[in-house]
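**Student:**
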Amino acid sequence: MTTLSPAKERAFEQVHGLWIAIPTPFQESGDIDEYALRKSVDYYIDALEVDGIFCGGVMGEFWAMTLRERALCHELVVDATGGRVPVMAHTGHHVYAEAAELSRHAHEIGVDFAIVMNPYFPINPSDDLIRNWYRRLTAETAIPTFLFNTSYSGYSISPELIAELAELDTVCGIKNPKPKEHLLRVHDMVGDQIVVCDAAEEDWLGLHLDHGFPALMSTPALALFQYPGHQPVLEYTRLADNGNSVGAWEIHATLAGERKSFERWMRDPWLASSKGAIPIAELKTWLGLMGLPQGSVRAPLVPLGVADVASLRSELDHLGLLDTISVS
Numbered sequence: 034m035t036t037l038s039p040a041k042e043r044a045f046e047q048v049h050g051l052w053i054a055i056p057t058p059f060q061e062s063g064d065i066d067e068y069a070l071r072k073s074v075d076y077y078i079d080a081l082e083v084d085g086i087f088c089g090g091v092m093g094e095f096w097a098m099t100l101r102e103r104a105l106c107h108e109l110v111v112d113a114t115g116g117r118v119p120v121m122a123h124t125g126h127h128v129y130a131e132a133a134e135l136s137r138h139a140h141e142i143g144v145d146f147a148i149v150m151n152p153y154f155p156i157n158p159s160d161d162l163i164r165n166w167y168r169r170l171t172a173e174t175a176i177p178t179f180l181f182n183t184s185y186s187g188y189s190i191s192p193e194l195i196a197e198l199a200e201l202d203t204v205c206g207i208k209n210p211k212p213k214e215h216l217l218r219v220h221d222m223v224g225d226q227i228v229v230c231d232a233a234e235e236d237w238l239g240l241h242l243d244h245g246f247p248a249l250m251s252t253p254a255l256a257l258f259q260y261p262g263h264q265p266v267l268e269y270t271r272l273a274d275n276g277n278s279v280g281a282w283e284i285h286a287t288l289a290g291e292r293k294s295f296e297r298w299m300r301d302p303w304l305a306s307s308k309g310a311i312p313i314a315e316l317k318t319w320l321g322l323m324g325l326p327q328g329s330v331r332a333p334l335v336p337l338g339v340a341d342v343a344s345l346r347s348e349l350d351h352l353g354l355l356d357t358i359s360v361s
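So the mapping is simple: this note's numbering equals the position in the sequence shown, first residue as 1, plus 33.
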């Protein structure tokens with residue numbers, strides 16, 4: 034039987050259930066809206082009952098924030114959670130020293146897990162470069178660390194290289210939003226060593242029931258599809274965990290409309306087209322129309338146009354999601 038490092042044991046103990054990927058609210062001045070961020074974290078935990086929070090990632094506009102702002106975002110989320118749920122903070126950076134500094138800072142302030150996207154400069158790095166990046170990072174920092182095999186890096190880490198990196202003591206998991214063949218191969222190869230997760234809500238139930246995936250890691254869909262008194266993702270997950278797979282799939286099927294809108298507004302601009310867009314304006318507008326304002330987007334992103342806002346409003350009204358949140 035494999036003996037797990039403390040970091041890996043911690044991940045298997047704490048990373049389970051539904052983890053939300055959150056945006057970073059900004060004021061009109063461009064500063065982080067600390068009040069809105071704190072209120073949002075409270076809402077995610079108290080109203081949506083998430084099992085963990087992923088902050089400062091792609092959905093959090095990390096790439097448009099200064100190093101100090103990223104550290105501040107992590108600090109605010111840790112303080113707002115108050116230990117109620119574990120926190121995972123994205124600490125990846127194109128400058129190695131900055132990634133290491135962010136990881137050390139996250140550990141110092143009480144972040145439970147760092148997550149580090151694939152090194153993305155130079156473009157399409159060799160396996161040797163990737164190995165060196167993660168070996169050095171985990172040797173110089175102590176925080177339990179997840180790999181983040183995201184397409185935003187411009188490439189994918191192979192299952193074979195992931196298996197090598199999984200041997201590092203503080204590498205304890207991977208967010209691996211890849212085609213199912215890649216995802217399941219990684220799970221088969223290292224699922225007993227590190228926590229393997231996918232980010233797609235639509236696929237979560239099948240992965241959980243059929244393959245034993247412990248966590249949905251991580252998606253804003255938990256906030257976009259749900260509101261107080263209407264938590265279908267939580268409901269079908271609990272039914273599955275209690276042995277009622279038939280009931281779970283019945284609830285899962287009721288989200289077809291929400292998924293269609295998610296595909297149109299969140300996925301198509303990002304992955305299913307050549308636009309190269311990052312749908313943060315769409316995400317923040319959707320949440321704002323529900324009643325959870327997230328403020329503006331950072332340059333070079335642009336807000337949604339009037340026609341798009343009206344179209345999204347109409348869709349959310351049809352789905353029964355419009356004005357469903359009240360956060361004072």
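Every residue, glycine too, gets a C-beta built ideally from N, C-alpha and C.
1) Between residue 357 and residue 80, what straight-line distance do the alpha-carbon atoms span, to the nearest angstrom?
2) Give a yes or no on whether 8 Å exceeds the smallest Cβ distance from residue 322 to chain D.
3) Taking its Cβ as the centre, do 16 or more other Cβ atoms sit within 10 Å of residue 64, making it buried, or is it exposed?
4) Give the DSSP bridge partners of residue 96, in chain order.
5) Near residue 284, what residues of its chain come up, given a Cβ to Cβ distance below 7 Å and the 5 sequence neighbours on each side ignored?
6) Under 8 Å, with one C-beta from each stretch per pair, do the stretch 125–132 and the stretch 206–216 reach the 3-pair mark?
7) Identify whether residue 208 lies in helix, strand or coil by the three-state DSSP scheme.
8) Under 8 Å between the Cβ atoms of residue 119 and residue 89?
9) Any idea what DSSP makes of residue 236, helix, strand or coil?
10) Excluding the 5 residues flanking residue 166 on each side, which residues of the same chain have their C-beta closer than 7 Å to its C-beta?
11) Measuring alpha carbon to alpha carbon, tell me which residue in 49, 53 and 350 is nearest residue 252.
12) Mind checking which residues open and close the beta strand (DSSP E) that includes residue 57?
13) Note down, in chain order, each residue of its chain lying with its Cβ closer than 6 Å to the Cβ of residue 312, except the 5 sequence neighbours on either side.
14) Using the Cα positions of residue 23 and residue 94, report the straight-line distance between them to the nearest angstrom.
15) Determine the extent of the alpha helix (DSSP H) in which residue 180 is found, giving its start and end residues.
16) Reducing DSSP to helix, strand and coil, say where residue 307 ends up.
17) Please classify residue 65: does DSSP put it in a helix, a strand, or coil?
18) Could you check whether the stretch 275–292 touches the stretch 97–104, counting it as contact only if at least three pairs of C-beta atoms, one from each stretch, sit closer than 8 Å?
19) Roughly how many whole angstroms lie between the Cα atoms of residue 62 and residue 188?
20) So for residue 123, helix, strand or coil by DSSP?
21) Sort out for me which residues DSSP pairs residue 231 with in a bridge.
22) Any idea if residue 204 is buried or exposed, counting beta-carbon neighbours within 10 angstroms, 16 or more meaning buried?
23) Hey, how far is the Cα of residue 92 from the Cα of residue 57?
24) Quick check: the Cα distance between residue 244 and residue 60, rounded to an integer number of angstroms?
25) For the 8 Å Cβ check, are there 3 or more pairs between the stretch 38–49 and the stretch 67–76?
26) Could you spell out where the alpha helix (DSSP H) holding residue 362 opens and where it closes?
27) For residue 121, which residues from the same chain have a beta carbon less than 6 Å from its beta carbon, with the 5 sequence-adjacent residues on both sides left out?
28) Excluding the five sequence neighbours on either side, which residues of its own chain have a C-beta within less than 8 Å of the C-beta of residue 185, listed in chain order?
29) Alpha carbon to alpha carbon, how far is residue 108 from residue 140? Give it in angstroms, no decimals.
30) State the DSSP-derived secondary structure class of residue 266, mapped to helix, strand or coil.
**Tutor:** Put simply:
1) 12 Å
2) Although the question refers to chain D, the structure presented lacks it and comprises just one protein chain.
3) exposed
4) The partner list for residue 96 (beta bridge, DSSP) is empty, contrary to what the question assumes.
5) 265, 268, 269 and 272
6) no
7) strand
8) no
9) helix
10) 129 and 152
11) 53
12) No beta strand (DSSP E) contains residue 57, which DSSP labels as neither H nor E.
13) 299, 302 and 303
14) Not covered by the structure: residue 23. The range shown for the chain is 34 to 361.
15) That residue, residue 180, is in no alpha helix (DSSP H); its beta strand (DSSP E) goes 178–181.
16) Since pLDDT at residue 307 reaches only 49, below the 50 mark, its modelled position is unreliable, and no value is offered.
17) strand
18) no
19) 35 Å
20) strand
21) 249
22) buried
23) 8 Å
24) 42 Å
25) no
26) Outside the displayed span of the chain (34 to 361) sits residue 362, for which this structure offers no information.
27) 87, 146 and 148
28) 91, 150 and 153
29) 11 Å
30) helix
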